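If you're matching positions, the sequence shown starts at 1093 in our numbering and goes up one per residue.
Glycine included, each C-beta is placed from N, C-alpha and C at the ideal position.
Computed from a predicted structure; not experimentally measured.
Remarks on the structure that follows.
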Amino acid sequence: MLWVSTGLILVAVSFSEVCGQDFNPAETINEAREAGIEVSMLNELSNRAEQNNLPDQTLVTILRSATELARNGLPYKQVFNKSYEGFAKGISPDRIESNVLTIQERTIRAADMIDSWLAENRDLPVQTASHTEFRNELTVAISKVNENSASASAAKTILHSLSNRSLPPNVGLPELATAISTLSQMTSVTPPWQADKIVIRALRSGLSVEKLQQLPSLIHHPLIQNGLPSEARITTIPGHLSGDFPFQSFPWNMNRGFPQPNPPKGTPL
């Protein structure tokens, strides 16, 4: 049996206590470390596994999914986060395993999409530290919307907007990733062609990450769903978040028409 370095032996012992004598996941932990997964993350997983009496099979599934992603240079922290979410909600180990494998699959598919796009767009059109950071952040964001084709289609439209430079050059990677990650919640109540236009308009308006995170809750609001004409949502929702017309003025707008937010000059609609 392969044993890991001193810092990880404690992790292996803890896992052994959780999993019993039938299987010792020390080799799996060592593989995860060798793939580049941080010791601190393995320690945290160890502690949470012990606290939740996690079965050995579930533990190994989490580790192998994250390890496979790490070996291929793909982001893997979302595998741990999804597991912790399952712990917090008290869902069954079988379902945790299923969720983790789904996250792994979506991440691989999202990376394929981003890699294909990057092959045609080598000059990064947003502010970011590196090509790898851009690829990984966008991969995670798109993996969150890959559960349905409508959201994925909207994400592709946003990437196309980057390609043709219809977004401001000062759009940051955190804002872009946040905006894309909201699509799955938005397309559940609005068509994808509308969701991507709302997101693009919001990015053009220079909204912060905090503001962009409010897009799904705002589009689900009864006033928006029941009283706001479909086409008007594209301008009104980003306009509200940017302060161009406050939420309390929506009834006035409904009676007298909808003012248009002012995007940067020269920005195509």
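Nonlocal neighbours in the same chain, by C-beta distance under 6 Å from Thr1159, ignoring five residues either side: Only residues of its own chain outside the window of five on either side were considered, and among them Glu1123, Ala1124, Ala1127 have a CB closer than 6 Å to the CB of Thr1159, listed in chain order.
Where the alpha helix (DSSP H) containing Ala1233 begins and where it ends: For Ala1233, the enclosing alpha helix (DSSP H) covers residues 1223-1235.
Would DSSP call Gly1165 helix, strand or coil? In the structure shown, the three-state DSSP call for Gly1165 is coil.
Between the segment 1204-1211 and the segment 1172-1179, are three or more C-beta pairs nearer than 8 Å? No contact exists between the segment 1204-1211 and the segment 1172-1179.
Does His1332 pass the burial test, meaning 16 or more other C-beta atoms within 10 Å, or should it be called exposed? Answer is buried; the Cβ neighbour count reaches 16.
Any idea if Gly1178 is buried or exposed, counting beta-carbon neighbours within 10 angstroms, 16 or more meaning buried? Under this definition Gly1178 is a buried residue.
For Asp1288, does the count of other Cβ atoms within 10 angstroms reach 16, so buried, or fall short, so exposed? Within 10 angstroms of the beta-carbon of Asp1288 lie 16 or more other beta-carbons, which makes it buried.
State buried or exposed for Ala1141, treating a residue as buried only when at least 16 other CB atoms are found within 10 Å of its CB. Buried, because 16 or more other Cβ atoms sit within 10 Å of the Cβ of Ala1141.
Given this structure, state the Cα-to-Cα distance separating Gln1113 from Asn1228, to the nearest angstrom. Because Gln1113 sits at a pLDDT of 38, beneath the cut-off of 50, its placement in the model cannot be relied upon, and the point is left open.
Is Val1301 buried or exposed, if buried means 16 or more other CB atoms sit within 10 Å of its CB? When all chains shown are included, Val1301 counts as exposed.
Is the segment 1305-1315 touching the segment 1252-1268, taking contact as three or more C-beta pairs under 8 Å? These segments do not touch.
Just mark Trp1285 as buried or exposed, buried being the case when its beta carbon has 16 or more other beta carbons within 10 Å. Result: exposed.
What is the DSSP secondary structure of Asn1144, reduced to helix, strand or coil? Residue state, collapsed to three classes: coil.
Using the three-state DSSP reduction, which class does Pro1117 fall into: helix, strand or coil? Coil at Pro1117, not helix or strand.
For Arg1163, which residues from the same chain have a beta carbon less than 7 Å from its beta carbon, with the 5 sequence-adjacent residues on both sides left out? Here the set comprises Ala1127.
Close Cβ partners of Ile1290 (< 8 Å) along its chain, the five nearest in sequence each way excluded: In its chain, beyond the 5 residues on either side, Met1278, Thr1282, Leu1307, Ile1311, Arg1325, Ile1326, Ile1329, Pro1330 have a beta carbon closer than 8 Å to the beta carbon of Ile1290.
Sorted by chain position, which residues of the same chain lie with C-beta nearer than 7 Å to Asn1144's C-beta, five sequence neighbours on each side aside? If we look at Asn1144 and ignore the five residues flanking it on each side, its Cβ neighbours are Phe1179.
Here's the rule: buried if 16 or more other CB atoms are within 10 angstroms of the residue's CB, otherwise exposed. What is Glu1225? Exposed is the label assigned to Glu1225, since fewer than 16 other Cβ atoms lie within 10 Å of its Cβ.
Is DSSP giving Ser1297 helix, strand or coil here? In this structure, DSSP gives Ser1297 a state outside helix and strand, which the three-state scheme calls coil.
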